[in-house]
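Following: one structure in structure tokens, then a few remarks.
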Amino acid sequence: MFQAKPGLHDSDPQQETKTINNMPNRMNRSIRTGESWKKYQSILQRKNASRKLRSSILKYSSGLTLLSIMIYGLAVGFSGTACQQIFATSVILSNSPKEKPEQEESALLTKKDVQGYIGDVDLLGLDRTSFTVHVDNRAYLVETTLDPSLQQFLTDRLDTKYARNIGIVLMDPKTGKIHALSGFDRTGAKKNPCTEGLFPAASIFKIVTAVAGIEKCGFSTGSRFDFNGGKHTLYKSQLKDQKNRYTHQISFQDSFAQSVNPVFGKIGANYLGRDALVDYAESFGFNRAIDFELPMSSSQLNVTDRSYQWAEVASGFNRETVMTPLHGALISAAIVNNGGLVEPTIIERIRNENGEIVYTNEPRIISYVATAGASKAVYEMMCATVRNGTSRKAFRGAGRDKILSRLEIGGKTGSIGSREIANVRYDWFVGFAQEKKGTEQLVVSVVVAHEKYIGKRSTYYARSAIKQYFQHLFDKEQREMHTRNTSKGKKDKTV
Numbered sequence: 000m001f002q003a004k005p006g007l008h009d010s011d012p013q014q015e016t017k018t019i020n021n022m023p024n025r026m027n028r029s030i031r032t033g034e035s036w037k038k039y040q041s042i043l044q045r046k047n048a049s050r051k052l053r054s055s056i057l058k059y060s061s062g063l064t065l066l067s068i069m070i071y072g073l074a075v076g077f078s079g080t081a082c083q084q085i086f087a088t089s090v091i092l093s094n095s096p097k098e099k100p101e102q103e104e105s106a107l108l109t110k111k112d113v114q115g116y117i118g119d120v121d122l123l124g125l126d127r128t129s130f131t132v133h134v135d136n137r138a139y140l141v142e143t144t145l146d147p148s149l150q151q152f153l154t155d156r157l158d159t160k161y162a163r164n165i166g167i168v169l170m171d172p173k174t175g176k177i178h179a180l181s182g183f184d185r186t187g188a189k190k191n192p193c194t195e196g197l198f199p200a201a202s203i204f205k206i207v208t209a210v211a212g213i214e215k216c217g218f219s220t221g222s223r224f225d226f227n228g229g230k231h232t233l234y235k236s237q238l239k240d241q242k243n244r245y246t247h248q249i250s251f252q253d254s255f256a257q258s259v260n261p262v263f264g265k266i267g268a269n270y271l272g273r274d275a276l277v278d279y280a281e282s283f284g285f286n287r288a289i290d291f292e293l294p295m296s297s298s299q300l301n302v303t304d305r306s307y308q309w310a311e312v313a314s315g316f317n318r319e320t321v322m323t324p325l326h327g328a329l330i331s332a333a334i335v336n337n338g339g340l341v342e343p344t345i346i347e348r349i350r351n352e353n354g355e356i357v358y359t360n361e362p363r364i365i366s367y368v369a370t371a372g373a374s375k376a377v378y379e380m381m382c383a384t385v386r387n388g389t390s391r392k393a394f395r396g397a398g399r400d401k402i403l404s405r406l407e408i409g410g411k412t413g414s415i416g417s418r419e420i421a422n423v424r425y426d427w428f429v430g431f432a433q434e435k436k437g438t439e440q441l442v443v444s445v446v447v448a449h450e451k452y453i454g455k456r457s458t459y460y461a462r463s464a465i466k467q468y469f470q471h472l473f474d475k476e477q478r479e480m481h482t483r484n485t486s487k488g489k490k491d492k493t494v
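Heads up: the sequence shown at position 172 corresponds to 171 in numbering that gives the first Met the number 0, and the numbers run straight through without jumps.
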């Protein structure tokens with residue numbers, strides 16, 4: 000049973016509706032998280048070092064062989080004709096199918112190498128599953144994980160009239176395979192807003208704070224909190240322990256669903272503190288390099304020694320914590336994956352001119368950033384956000400929709416104005432959808448930087464994308480079932 004710490008909120012044990020059992024030892028979790036990230040970074044460094052070493056060996060081995068032949072020739076005093084014969088043999092050997100040094104080198108491609116191959120290719124709204132690139136006068140066929148029909152669907156619906164930036168990412172949470180990337184950048188910067196654009200995280204960071212509060216402080220979805228003032232403001236006075244006739248009481252789940260800043264500010268300032276905020280943020284991938292086939296900016300977080308700033312960070316009420324839309328998809332996937340932070344991928348495989356596979360990617364969990372219990376609790380809180388929280392209006396009628404009614408949908412919204420750019424307001428939705436009677440899952444992350452006027456909101460794009468993805472899936476399943484039934488009927492008639 001949750002025990003309230005004195006002074007922060009008034010909690011009646013009888014009002015406690017749910018508890019998270021078997022809470023982990025925080026110190027052990029911290030050690031495991033740190034070791035996981037160190038191991039992950041070490042693996043990346045070893046892969047790149049191995050790649051460079053083998054490349055160097057291949058580069059210089061032919062030169063050493065040639066030098067040895069020359070020395071040998073000088074020693075035995077061979078003639079010009081003999082010299083030509085030996086050199087002819089060495090060329091044949093270097094092009095021998097048994098050795099193929101170039102192919103061996105290509106077979107060692109890492110994600111960092113792939114960035115050099117496709118980093119300049121614009122994948123936003125790509126209308127095909129594969130494309131060809133030329134590197135050092137060699138052609139490579141790049142096969143992506145993208146769904147062209149889904150890409151086109153999103154591209155056709157981009158409302159660029161009033162938007163400064165748009166970034167949309169759809170991903171399989173289990174494998175990290177990206178189904179769609181779509182976006183827009185009015186500034187003309189030659190950057191992919193989905194992977195390189197850093198936008199204020201706003202209340203999306205409440206997902207991280209919620210996990211930390213459950214694991215470190217023992218909160219549950221039904222834990223009760225007091226707060227004074229507005230839900231979406233954050234004044235220093237709102238962090239004080241005071242109870243009067245204007246005091247509101249709210250559950251942890253509802254404070255998440257309604258994005259109540261004072262509650263999350265109190266959790267950050269009075270419960271978690273600097274070290275825990277940094278620990279959990281970095282475990283979720285902030286201030287970390289994540290391996291990916293495209294250039295990807297690292298999401299940034301800075302926590303000072305001021306307690307009010309801890310409240311700002313924990314509630315997302317600041318503009319200094321910034322993240323990419325792709326990172327938003329990874330955070331949502333971690334909640335779906337029982338805490339597993341998956342490594343993203345957009346490339347299925349790469350083949351050389353001979354049709355040989357020189358790069359392929361396997362699904363990888365970077366680290367476990369939350370316990371199964373904490374993940375389940377936050378999953379429920381994200382579902383409450385869609386059901387009766389800040390996303391309620393956007394998903395109104397989903398229960399009567401023939402596609403959306405078959406899904407369990409959860410998410411978190413975020414909204415904050417820009418300090419540097421006049422009339423710009425950032426609008427986020429990060430969430431998931433999965434079949435109620437099936438195994439298919441999808442995570443979605445959308446950010447829209449609105450300018451003077453508000454156009455299509457992030458929740459509009461999220462709802463549309465979720466419905467389109469699963470409608471295509473359900474239609475495909477129905478066609479396959481029809482084909483099987485037709486084939487079975489023909490066999491029965493034959494018998």
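Think of the CB as a built atom: it goes at the ideal place given N, C-alpha and C, for glycine as much as any other residue.
Nearest neighbour of residue i, chosen from the options [CA to CA]
i: P199; options: Y452, G454 and E419; result: E419
i: E563; options: F152, S306, P324 and D112; result: Residue 563 lies beyond the stretch modelled for the chain, which goes from 0 to 494, so this question has no answer here.
i: H449; options: G166, E355 and R127; result: G166
i: S457; options: L149, E142, V168 and K111; result: V168
i: I289; options: S366, S314, T220 and N336; result: S366
i: N301; options: G187, S374, D274 and A397; result: D274
i: G129; options: A373, T144 and R395; result: The amino acid at residue 129 is misidentified as Gly; the sequence shows Ser. Out of A373, T144 and R395, T144 has the C-alpha closest to the C-alpha of S129.
i: V134; options: Q114, L276 and V312; result: Q114
i: Q433; options: R405, Y279, D225 and V423; result: R405
i: L238; options: D225, Y245 and Q248; result: D225
i: M380; options: I213, N317 and D146; result: I213
i: L197; options: M295, M322 and D112; result: M322
i: T577; options: A209, F204, T159 and T208; result: In the structure as shown, the chain starts at 0 and stops at 494, and residue 577 therefore has no counterpart that could be examined.
i: G454; options: D119, M295, A371 and Y161; result: Y161
i: T438; options: L157, S219, K173 and D304; result: K173
i: K392; options: L140, A461, A209 and M295; result: A461
i: Y139; options: I117, L157 and G124; result: I117
i: K110; options: V141, G124, L125 and D304; result: V141
i: A232; options: Q257, D240 and G217; result: Residue identity check: residue 232 is Thr in the sequence provided, not Ala. T232 has its Cα closest to that of Q257, out of Q257, D240 and G217.
Segment limits, beta strand (DSSP E) that includes residue i
i: S148; result: Careful: S148 lies outside any beta strand (DSSP E), inside the alpha helix (DSSP H) at P147 to D155.
i: N164; result: A162 to M170
i: R234; result: Before going further, note that residue 234 is Tyr rather than Arg in the sequence given. Counting along the chain, Y234 falls outside any beta strand (DSSP E), and DSSP gives it neither H nor E.
i: K411; result: L406 to G416
i: A138; result: R137 to T143
i: F130; result: S129 to V134
Check whether residue i and residue j have beta carbons under 8 Å apart
i: A211; j: I415; result: no
i: G182; j: C193; result: yes
i: I465; j: I330; result: no
i: S444; j: A369; result: no
i: F516; j: S298; result: Nothing about residue 516 can be read from this structure; the chain reaches only from 0 to 494.
i: V385; j: G410; result: yes
i: P343; j: F263; result: no
i: F428; j: S463; result: no
i: E319; j: R137; result: no
i: V357; j: L108; result: yes
i: L293; j: I345; result: yes
i: A313; j: L276; result: yes
i: R163; j: V423; result: yes
i: K215; j: L271; result: yes
i: H178; j: L149; result: yes
i: I402; j: Q470; result: yes
i: G396; j: A371; result: no
Limits of the unbroken alpha helix (DSSP H) element including residue i
i: R223; result: Note, R223: premise wrong, no alpha helix (DSSP H); beta strand (DSSP E) at R223 to F226.
i: K111; result: K110 to I117
i: Q252; result: F251 to A256
i: S282; result: G272 to S282
i: N301; result: First-last for N301: undefined, no H or E at that position.
i: G264; result: N260 to K265
Any non-hydrogen atom of the ligand FAD within 7 Å of residue i CB
i: Q470; result: Because no ligand of any kind appears in the structure shown, any question about the ligand FAD cannot be addressed here.
Test: residue i CB closer than 8 Å to a CB of chain D
i: E319; result: Looking for chain D here will not work: only one protein chain is present.
For residue j and residue i, believed in contact at Cβ under 8 Å, the rounded distance
i: F283; j: A333; result: 7 Å
i: V259; j: I249; result: 6 Å
i: F431; j: V442; result: 5 Å
i: A280; j: Y307; result: The Cβ separation is near 17 Å, so there is no contact.
i: T220; j: A376; result: 5 Å
Every unbroken beta strand (DSSP E) inside the region 310 to 375 [3 residues or more]: 339 to 341, 346 to 350, 356 to 359 and 364 to 367
Segments of 4+ residues assigned as alpha helix (DSSP H) that fall wholly inside the region 179 to 222: The region 179 to 222 contains these whole alpha helix (DSSP H) runs: 205 to 216.
Runs of beta strand (DSSP E) lying entirely within the region 428 to 471, each at least 3 residues, in chain order: 440 to 449, all fully within the region 428 to 471.
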